[in-house]
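Trainee: Below: one structure in structure tokens.
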Amino acid sequence: MPSPDEIRDGQRVTWAGLSAGWEKWDAVITDQLGPVSEAMIEGLDIADGRHHLDIASGTGEPGLSIARRSPKGRVVLTDLVAEMLDIAVRRAGARGVTNIETMVCSADDLPFDDATFDSVSVRFGYMFFPDVAKATAEFARVLKPGGRLCSSVWVGPEANPWTTIATQAIATEAVVTAPDRDGPNMFRCAAPGYVSALYEGAGLHDIAEWDVHVELRTESPEQYWEMISEHVSLAVAALAQVDEPARERIRAHAISKASAFEKGGKVRVPGVARCIVGTKQDALSTPSHADAATTFVNWT
Numbered sequence: 022m023p024s025p026d027e028i029r030d031g032q033r034v035t036w037a038g039l040s041a042g043w044e045k046w047d048a049v050i051t052d053q054l055g056p057v058s059e060a061m062i063e064g065l066d067i068a069d070g071r072h073h074l075d076i077a078s079g080t081g082e083p084g085l086s087i088a089r090r091s092p093k094g095r096v097v098l099t100d101l102v103a104e105m106l107d108i109a110v111r112r113a114g115a116r117g118v119t120n121i122e123t124m125v126c127s128a129d130d131l132p133f134d135d136a137t138f139d140s141v142s143v144r145f146g147y148m149f150f151p152d153v154a155k156a157t158a159e160f161a162r163v164l165k166p167g168g169r170l171c172s173s174v175w176v177g178p179e180a181n182p183w184t185t186i187a188t189q190a191i192a193t194e195a196v197v198t199a200p201d202r203d204g205p206n207m208f209r210c211a212a213p214g215y216v217s218a219l220y221e222g223a224g225l226h227d228i229a230e231w232d233v234h235v236e237l238r239t240e241s242p243e244q245y246w247e248m249i250s251e252h253v254s255l256a257v258a259a260l261a262q263v264d265e266p267a268r269e270r271i272r273a274h275a276i277s278k279a280s281a282f283e284k285g286g287k288v289r290v291p292g293v294a295r296c297i298v299g300t301k302q303d304a305l306s307t308p309s310h311a312d313a314a315t316t317f318v319n320w321t
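Plus 21 on top of the position in the sequence shown (first one is 1) and you've got the numbering used here.
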């Protein structure tokens, strides 16, 4: 079992290598994940003038959207990978967003004082943290009393054919090693209540979970595969290990499966994410046991 430092070192290399693909397909990714960002912003109840921290920000969302909605506030975008944050800075410039700053750091060792931020967001980062409990404790530490933490994770593979199409296609030609169930992987946090339990362990209360439906929309089955093969880590790694004939067979398999999702002249492959919000205890109040309980709602 690799150490947390070894995991992070590997993640830096992997995501730096994927950064060009994420920038190339920014418009499609933003379209797919936009509903999740909007749901998170709603859960955070963002107000202008707030100081916000976006963890595992990658190419900048939902941090940039929060910055646009809070022009008098300040948003700090953090990530483990400098190359991804460079893209976030370029995206901010293209959108005229100036009230941001970026910082390369690990989610479980944040370089901020206690009670610095009014709110914290983590979009699709939780499942990759080496130590999810330690990271959650850090998020709670840097939150001000009364501040909210909102994160998003993927529901299980059966609800996300946008990625399982690719996984199944790759498995026809390449050896796909099952990830450690409790280690960093895309569906590590899929179980209902998984992240809520981490929130409770960090002392948060008024916790709620809700699912958000998304669609990966591309112009054709061929474009679907081109995008997946250039920005999804499993696909990029697997394709590098097989020869060209095998890559072509994988491509053909994925295109065939994606064709089943053609609607209205586009490919629309569904997925489901889960958002989780919790509040840091106010110094003047003591939450009851009922306050700490998790509420499951269905906001779509």
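Glycine residues also receive a C-beta, built at the ideal position from the N, C-alpha and C atoms. Given the structure is predicted, the values throughout are model-derived calculations rather than measurements.
Going by beta carbon distance, what residues of the same chain come within less than 6 Å of Val290, once the five residues before and after it are set aside?
Mentor: Contacts found: Pro182, Trp183, Leu237, Phe282.
Trainee: List, from N- to C-terminal side, the alpha helix (DSSP H) runs of 4 residues or more that fit wholly inside the stretch 202–251.
Mentor: Runs found: 215–222.
Trainee: Among Thr80, Leu106, Gly70, which residue has its Cα nearest to the Cα of Arg89?
Mentor: The candidate whose alpha carbon is nearest that of Arg89 is Gly70.
Trainee: Which word fits Arg209, buried or exposed, when buried means at least 16 other C-beta atoms lie within 10 angstroms of its C-beta?
Mentor: Result: buried.
Trainee: Using only the alpha-carbon positions, how far apart do Arg169 and Arg268 sit?
Mentor: Between Arg169 and Arg268, the C-alpha separation is close to 45 Å.
Trainee: CB-CB under 6 Å to Thr157, same chain, minus the five flanking residues each way: which ones, in chain order?
Mentor: If we look at Thr157 and ignore the five residues flanking it on each side, its Cβ neighbours are Leu219, Ala223.
Trainee: Mind pulling the alpha helix (DSSP H) runs of 4 or more residues that sit fully within the stretch 250–288?
Mentor: Counting only runs of 4 or more, we get 254–260, 265–279.
Trainee: Taking 7 Å as the threshold (C-beta atoms), are Cys171 and Gly64 in contact?
Mentor: Yes, the Cβ-Cβ distance between Gly64 and Cys171 is below 7 Å.
Trainee: Could you say which of Lys301, Pro25, Gly299 lies nearest to Lys155 if we only look at CA atoms?
Mentor: Cα-wise, what sits closest to Lys155 is Pro25.
Trainee: Restricting to Cα atoms, I'd like to know which of Leu98, Ala103, Gly167, Gly42 is closest to Val118.
Mentor: That would be Leu98, whose Cα lies nearest to the Cα of Val118.
Trainee: With H, G and I counted as helix, E and B as strand and the rest as coil, what does DSSP make of Ala136?
Mentor: Here Ala136 sits in coil by DSSP.
Trainee: Along the chain, where does the beta strand (DSSP E) containing Ser172 start, and where does it finish?
Mentor: From DSSP, the beta strand (DSSP E) with Ser172 extends over 164–175.
Trainee: Look up Leu101 in the DSSP assignment and say whether it is helix, strand or coil.
Mentor: Of the three classes helix, strand and coil, the one that applies to Leu101 here is coil, per DSSP.
Trainee: Could you give the first and the last residue of the continuous alpha helix (DSSP H) run that contains Leu54?
Mentor: First-last of the alpha helix (DSSP H) with Leu54: 47–65.
Trainee: Measuring alpha carbon to alpha carbon, tell me which residue in Ile50, Val141, Thr193 is nearest His73.
Mentor: Residue Val141 is the option with its Cα nearest to His73.
Trainee: Is the beta carbon of Ile186 closer than 7 Å to that of Lys287?
Mentor: Going by C-beta atoms, Lys287 is not nearer than 7 Å to Ile186.
Trainee: Is the beta carbon of Gly42 closer than 7 Å to that of His252?
Mentor: Yes. Within cutoff.
Trainee: Out of Val174, Gly292, Arg95, which one is the CA nearest neighbour of Pro205?
Mentor: If we check each option's Cα against that of Pro205, Val174 comes out closest.
Trainee: Roughly how many whole angstroms lie between the Cα atoms of Pro295 and Val163?
Mentor: A small fix is needed here, since residue 295 is Arg in this sequence, not Pro. Taking the straight line from one Cα to the other gives about 23 Å.
Trainee: In its own chain, which residues sit with a C-beta less than 8 Å from the C-beta of Ala113, not counting the 5 before and 5 after it?
Mentor: These residues qualify, in order along the chain: Gly81, Leu85, Ala88, Thr119, Ile121.
Trainee: Using the Cα positions of Arg29 and Met105, report the straight-line distance between them to the nearest angstrom.
Mentor: One C-alpha to the other measures close to 15 Å.
Trainee: Taking the alpha-carbon positions, what's the Asp129 to Gly285 distance?
Mentor: Cα-Cα distance, rounded: 44 Å.
Trainee: Taking 7 Å as the cut-off, decide whether the C-beta atoms of Leu3 and Arg202 are in contact.
Mentor: Outside the displayed span of the chain (22 to 321) sits residue 3, for which this structure offers no information.
Trainee: What does the Cβ neighbour count give for Glu230, buried or exposed, with the cut at 16 atoms within 10 Å?
Mentor: The residue is buried, with at least 16 neighbouring Cβ atoms inside 10 Å.
Trainee: Can you check which of these residues, Ala136, Gln262, Asp66, Pro242, is closest to Val197 by C-alpha distance?
Mentor: Comparing Cα positions, the closest option is Gln262.
Trainee: Give the DSSP-derived three-state secondary structure of Thr307 in the structure shown.
Mentor: At Thr307 the pLDDT is 48, less than 50, meaning the model places this residue with poor confidence and gives no usable figure here.
Trainee: Distance check for Arg270 and Gly79, CA to CA, integer angstroms please.
Mentor: Spanning the two alpha carbons is a distance of roughly 31 Å.
Trainee: For the beta strand (DSSP E) that Leu74 lies in, which residues bound it at each end?
Mentor: Here the beta strand (DSSP E) through Leu74 covers 72–76.
Trainee: With DSSP run on the structure shown, which of helix, strand or coil describes Lys93?
Mentor: The answer is coil: DSSP assigns Lys93 none of H, G, I, E or B.
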